[in-house]
Structure formats: structure tokens, C-alpha cells
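Participant: Mapping of the sequence shown onto my numbering: residues 122 to 635, in sequence order. This structure is in C-alpha cells; I'll ask about it shortly.
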Amino acid sequence: MYINLSILLSMAVFLGCDDGLEFTPSGSVTEEIYWQRASDAETAVNAVYAQLDDLTMVLQLDGVTDIAYRAGSGPGTLHDVTAGNIVSSNAAITGIWNRYYSGLRRANDVIANIGQVEIGDPAVINRVEAEARFLRAYFYTQLSTLWGDVPMPLEPTVITDNIPKTSKDEVVSFVISELDAIINANALPVSYSGSNIGRATHGAALALKARVALRNEMWATARDAAQEVMNLGVYELYPDYQALFQREGQNSSEIIFDRQYTEGGNTYNAFAYSASSIGGNSIVEPINKFYQKFEFTGPRNPDNPYENIDPRWDHTVYYTGQPIGNSTYDSRPSSLTQDRVNSTEASTQHGYNLKKWVDFEAYSGNPSNGSTNMILIRYADVLLMYAEAKVELGEIDQSVYDALNEIRSRPTVEMPPVVGPHSQDELREIVRNERVVELGFEGLRLYDMNRWRIGEEKEGEVFGAHFVRSNGERYLQSIGFTRQFNPNRDYLWPIPNAEMNNNEAITQNNPGYN
């Protein structure tokens, strides 16, 4: 297998803190003391969490879909993916592949060696093994979704190993069986406290099972797993939609599984993806096709295209006239602010900036200390998975409407309820639209577009904000950027060249990649 599968566990470990899991560089842990105590096993599994999806897969990934634009910043980025210029040497894609396989290498090490541990609480040892198996299932869910057939090592590997691909169906079957074993054994607790917050839970295993089943049209399995999450009675929607993605909403009752960060430990630039006026680089921008997904609660006003719009738009997007930091966002071509469209390399190119995940009050003093956790699975997604599975099964009953309306009636959202009767086709479109509006810029849109086979909807010229020329003419901002999509190729990412060069047992997964 490629060398990135052989990164040592000791390169990064987690240290406990009261706010949940944190990882920071540490000295190596020698093999002589590893696997003796339960604490050694915990240190080893904590290093697996370090490979979970980060800002790239949560904040950037929607930039390769129909709802956002990922700014160009040199070759080999996700900008090339959104442009349709996908090559198997793309550095961003290669980095994501390597991250997942590094996580798998670490997880397999835990699973293979944990039996050596003799000192410590057996319950902790069993829980750690279940965590490693859950994380391995998570990585294989992502790999099989993005690449299809992939190598599936279940034992520790070395650089010289040549591991052939396993079919996507077999990978998915393995993931489901692993999650079932964890769930049926009640191997993971329902919740944690203190420094253990952020570890995989029983609910996370159920929710991941629902997700992988939904992505593979296993509707009954998805329905039942989502229903079990709902029946746990431990999750509920956080009342403030915007605050859910800020420090206030961290570790709330809506969060099922996330990537943990800790102030003073593992951090990032809190504003990098957003507007220039608050120190951002406009890396990912919402675009007009995202705007078009939102419903209006009253008549549309041509002089104010954002009047009466679903409040989730206001919570997700900076547009001209909105408060931002200690000022007012203004991206108009006549703006005198740093947010004037195309005024600098860091300013928006299409007129909008990302507001979701921005917590100005918390991080304005030191943006580099950003530590808001990246949500990977939350309860609203489970409700939507349940509704979609029921619709696809033709089981259209009140519980489908209840799931949708629980989300729509959230305080700070309060959209009108969906009232039946609706046909299966009508409800299918309602559920799909609700997913993009509710879950936009959480890194899930690409998976939805691919499984629904609607990749062509990202094609064409990219348009952004509504502006008015000096002569009164209204127009949509554009820089002339046009996106392409090849349906015979682009529903799967290419296996990286470096991997194929180091593993003689595999070949490319789709024709057309070079």
C-alpha cells in the first residue's frame, strides 16, 4: 500500500480536556509501553480521530457542487475539481485519500493490538476497540462513496503491501455489518462527559448506518436506523440555527458526531473561508443557484431580492446590507469597503460570502484561534434521512411530514409547515430541497448530487449576487467562469497516481482520468 498508510500512530495524539477531545503533536510512544495499559489504547485510538474530516471536507466540499464557488488558488486544488479539470495527480484529492488511509492504518493497529492490553478497566478496552471499528467504518463510508471500488485492508499494512481493490458493494456490506456488531453489542455509550466528549457514541453508529444505507439506496435499512436514533430520545434540534455553527452550539443536543477542536490546542483561522473585511480570503462563496433553493414567505420584491426569504439564507450567507463584524457587508461594485466585489484577491468574486461557521464575537480578537467543531452528523440530517427513506419506500404517512416540519419549525427558522397530501414525486423534491437549504455548507451536497445523479446541474456559467447598474438595470454578478461535468467519469474521483505507482495491484477506477 502507499506510504501514507504507514504513518506512525505517534505522529499525533489526543490529549483530554474538559471541552472534549483535542489533538496536539506529542513525543513518540515506544512499542515497549504501547498496548500495556488501557490508557495506551486510548492514546492510540485518539490518534485515529485526528484523521477525521476537517475544514476541507466540511467547508470546502460544497464548492465543487451547484451551490458554491471554490476560489482558484493554484493548481491541484478543489477549484480544478469544480471546473471539471480533474486529474489523478490532483493534490487536494490525493490529500483526502491519504488522510482516510492514514486513519485506517491507525484504526487497524488499534484493532490488531488491543488484545495485548492487560492493565485497566475491561469496559474501557472494549469501548476503545468499538471506537476504532466505528472510525474505520466511517473512513470506508467516505472512500466507497467518493471512489467506488477501493483497497480495503483490515490488518496493519506496510509500504510494500500491494492490496487489490474491493468492490464498492463489498465495502458497504462490511461497513453495515461492522456497525451492526457495534450497535447490537451496545459497545459504545449513549453519551460522554468531560474529556471524553467527542468520542463515537451508540447514536453515532446508528446515524452512520443510516447514512451509508441512504447513500446506497438501502431504504429500509436507512429508515430503521434513523428511526432508532430518533427513538433514543437524547437528540433534539438546537433552537438557534445560526448559533449551532458557533461556539454557543458546540456539543449541543443536536450534535451526533463531530470533528473536535480546542482553543489553545488544535485550531484554525476562524474567518479564512469568509469575507475580506473580517480577515477572510473568500475561499468558498455561495452562488445564485444556492439562493434559488430558498422559499419565500411573502411576495418577492425586485428592489430587495432577500425580503421574505427563508431565514436560513440570512444565517448562512453574507449579502449586501447584512451586519458583518462591526460594520455592514457591502460587496457592490461601488462599495468603499474591503468586500467590494473583485477588489482584491481576498474579496468575493461573485458578491456573496459564507456566514455559516463564522463567530465574530468569539474570535475577532484572535481569528487564528478558531476552534468551533466541524459537525459531521447532526440530528436534522437524521430526520431528513428518515423522511427520504420513507418517501422512496412509498411509505408516505404523517411521520414524513412531522420530520420535515420539525426542522422547518425550529425557532429562528419558523418556515410554514409542509402540508399534504403530496405525491411521491412531489415529496421527493421537497425533501431534496430541504436537504440543501438546511445542510448547505456542511460538506454533504456533493454526496447528495452524486447519489441522485444530478451532477449536470453544476454545469454552466457561475452567477452570484444581485446588483443594479447605474442605469437601473438589474443583473447577476459573474466573472465568466464556466463549469463542466462529465457524467461518464465525474461521479467518482480518480484514484491518485501516487497510489497506483506504489500499488501494482490496482488500476484507475473510471475511464477518462489521466
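Cβ atoms here follow ideal geometry from the backbone N, Cα and C, with glycine treated the same way. Keep in mind it's a predicted model, so treat the numbers as computed, not measured.
In chain order, what residues of the same chain lie with their CB nearer than 6 Å to the CB of Val503, ignoring the 5 residues before and after it?
Facilitator: For the purposes of this step, residue 503 is taken as the residue at position 382 of the sequence shown. Correct list, in chain order: Ala328, Ala347 and Val350.
Participant: Taking buried to mean at least 16 other C-beta atoms within 10 Å of its own C-beta, is Ala501 buried or exposed?
Facilitator: Walking along the sequence shown from the start, residue 501 turns up at place 380. Under this definition Ala501 is a buried residue.
Participant: CB-CB under 7 Å to Ile430, same chain, minus the five flanking residues each way: which ones, in chain order?
Facilitator: In the sequence shown, counting from the first residue as 1, residue 430 sits at position 309. Same-chain partners within the cutoff: Phe415 and Phe417.
Participant: Can you confirm whether the region 355 to 372 touches the region 475 to 484 when touching is taken to mean that 3 or more C-beta pairs between the two stretches lie within less than 8 Å?
Facilitator: Because the criterion of three Cβ pairs below 8 Å is met, the region 475 to 484 and the region 355 to 372 touch.
Participant: At which residue ranges does the region 455 to 501 contain complete beta strand (DSSP E) runs of 3 or more residues, listed in the order of the chain?
Facilitator: Here the runs fully enclosed are 495 to 499.
Participant: Going by C-alpha distance, which of Arg227, Pro615, Tyr389 and Ala306 is nearest Asp175?
Facilitator: Locating residue 175 in the sequence shown gives position 54, where the first residue counts as 1. If we check each option's Cα against that of Asp175, Tyr389 comes out closest.
Participant: Three-state secondary structure (DSSP) at Asn283?
Facilitator: In the sequence shown, the residue the question calls residue 283 occupies position 162. Three-state DSSP puts Asn283 in coil, outside helix and strand.
Participant: Need the endpoints of the beta strand (DSSP E) that Ile377 sits in, please.
Facilitator: Within the sequence shown, numbered from 1, the residue matching residue 377 stands at position 256. Segment Ile376 to Arg380, the beta strand (DSSP E) holding Ile377.
Participant: Quick one, which of Gly324, Glu384 and Gly370 has its alpha-carbon nearest Val355's?
Facilitator: What you label residue 355 is simply residue 234 of the sequence shown in a count that begins at 1. The shortest C-alpha separation from Val355 is found at Gly324.
Participant: Give a yes or no on contact between the region 612 to 628 and the region 440 to 449, applying the rule of three or more CB pairs nearer than 8 Å.
Facilitator: No, they do not touch.
Participant: Would you report the Cα separation of Ile246 and Glu535, rounded to the nearest angstrom?
Facilitator: Residue mapping note: residue 246 aligns to position 125 of the sequence shown, counting from 1. Residue mapping note: residue 535 aligns to position 414 of the sequence shown, counting from 1. Distance between the alpha carbons of Ile246 and Glu535 is about 45 Å.
Participant: Alpha helix (DSSP H) containing Glu349: first to last residue?
Facilitator: For the purposes of this step, residue 349 is taken as residue 228 along the sequence shown, with counting starting at 1. Start and end: Trp340 to Leu353.
Participant: If you check the beta carbons only, do Gly515 and Gln545 fall under 9 Å apart?
Facilitator: Position 394 of the sequence shown holds residue 515. Position 424 of the sequence shown holds residue 545. Yes, the Cβ-Cβ distance between Gly515 and Gln545 is below 9 Å.
Participant: Is DSSP giving Ala192 helix, strand or coil here?
Facilitator: As a position in the sequence shown, residue 192 is number 71, starting the count at 1. Correct three-state label for Ala192: coil.
Participant: At 4 residues or longer, and completely inside the region 543 to 580: list those alpha helix (DSSP H) runs for me, N to C.
Facilitator: You should have 545 to 560 and 566 to 573.
Participant: Would Ile235 and Arg158 qualify as a contact pair, given that the criterion is a beta-carbon distance under 9 Å?
Facilitator: Stepping through the sequence shown from its first residue, residue 235 is reached at position 114. Stepping through the sequence shown from its first residue, residue 158 is reached at position 37. No, they are not a contact pair.
Participant: Who are the Cβ neighbours of Arg610 in its own chain at under 6 Å, not counting the five residues just before and after it?
Facilitator: Here residue 610 corresponds to residue number 489 of the sequence shown, with the count starting at 1. Asn631 and Gly633.
Participant: Which residues share a DSSP beta bridge with Asn640?
Facilitator: Since the displayed the chain opens at 122 and closes at 635, residue 640 lies outside it and no answer follows.
Participant: Let me know if Gln367 comes out buried or exposed under the rule of 16 or more other beta-carbons within 10 Å of its beta-carbon.
Facilitator: Your numbering for residue 367 matches position 246 in the sequence shown. Per the 10 Å Cβ criterion, buried.
Participant: Regarding Ser492 and the ligand MG, is the C-beta to nearest heavy atom distance less than 8 Å?
Facilitator: The ligand MG is absent from the structure shown, which contains no ligand whatsoever.
Participant: In angstroms, rounded to a whole number, what distance separates the CA positions of His471 and Trp340?
Facilitator: Residue 471 sits at position 350 when you count from the first residue of the sequence shown. Residue 340 sits at position 219 when you count from the first residue of the sequence shown. Each residue's alpha carbon lies about 38 Å from the other.
Participant: At which residues does the alpha helix (DSSP H) containing Arg248 begin and terminate?
Facilitator: Translated into the one-based positions of the sequence shown, residue 248 becomes position 127. Note, Arg248: alpha helix (DSSP H), Pro243 to Trp268.
Participant: Is there contact here, the region 263 to 277 with the region 216 to 230, by at least three beta-carbon pairs under 8 Å?
Facilitator: Yes: at least three Cβ pairs fall under 8 Å.
Participant: Buried or exposed: Arg257, going by 16 or more other Cβ atoms within 10 Å of its Cβ?
Facilitator: To locate residue 257, count along the sequence shown from 1; it is residue 136. Under this definition Arg257 is a buried residue.
Participant: Per DSSP, Thr603 forms a beta bridge with which residues?
Facilitator: Counting from one through the sequence shown, the residue named residue 603 turns up at place 482. Thr603 pairs with Glu582.
Participant: Would you kindly report the start and end of the unbroken beta strand (DSSP E) that includes Leu597?
Facilitator: Within the sequence shown, residue 597 is the residue found at index 476, counting from 1. Arg595 to Leu597 is the extent of the beta strand (DSSP E) around Leu597.
Participant: What is the DSSP secondary structure of Phe415, reduced to helix, strand or coil?
Facilitator: As a working note, residue 415 is residue 294 in the sequence shown. Looking at Phe415 - three-state DSSP - the assignment turns out to be coil, as it is neither helix nor strand.
Participant: For His200, list the residues DSSP reports as bridge partners.
Facilitator: Counted from its first residue, the sequence shown places residue 200 at position 79. Bridge partners of His200: none, in fact.
Participant: Looking only at its own chain, which residues have a Cβ that is under 8 Å from the Cβ of Asn526, when we skip the five neighbours before and after it?
Facilitator: Reading the sequence shown from its first residue, position 405 is the one you call residue 526. The answer, listed in chain order, is Pro538 and Val539.
Participant: Under the three-state reduction of DSSP, which class applies to Tyr439: helix, strand or coil?
Facilitator: For the purposes of this step, residue 439 is identified with residue 318 of the sequence shown, where counting begins at 1. Here Tyr439 sits in strand by DSSP.
Participant: Report the rounded CA-to-CA distance for Gly184 versus Leu567, giving the unit in angstroms.
Facilitator: Numbered from its first residue, the sequence shown carries residue 184 at position 63. Numbered from its first residue, the sequence shown carries residue 567 at position 446. The straight-line gap from Cα to Cα measures roughly 9 Å.
Participant: Please list the terminal residues of the continuous alpha helix (DSSP H) segment that includes Phe295.
Facilitator: Taking the sequence shown and counting its residues from 1, the one referred to as residue 295 is at position 174. Lys289 to Asn305 is the extent of the alpha helix (DSSP H) around Phe295.
Participant: Does DSSP put Arg158 in a helix, a strand or coil?
Facilitator: Taking the sequence shown and counting its residues from 1, one reaches residue 158 at position 37. Correct three-state label for Arg158: strand.
Participant: Look up Val102 in the DSSP assignment and say whether it is helix, strand or coil.
Facilitator: Outside the modelled stretch of the chain, which goes from 122 to 635, sits residue 102, for which no answer is possible.
Participant: With 16 other CB atoms within 10 Å as the buried threshold, where does Thr628 fall?
Facilitator: The residue you call residue 628 lines up with position 507 of the sequence shown. That one is exposed.
Participant: Here's the rule I'm using: 16 or more other beta-carbon atoms within 10 Å means buried, otherwise exposed. How should Arg433 be labelled?
Facilitator: Reading the sequence shown from its first residue, position 312 is the one you call residue 433. Buried, because 16 or more other Cβ atoms sit within 10 Å of the Cβ of Arg433.
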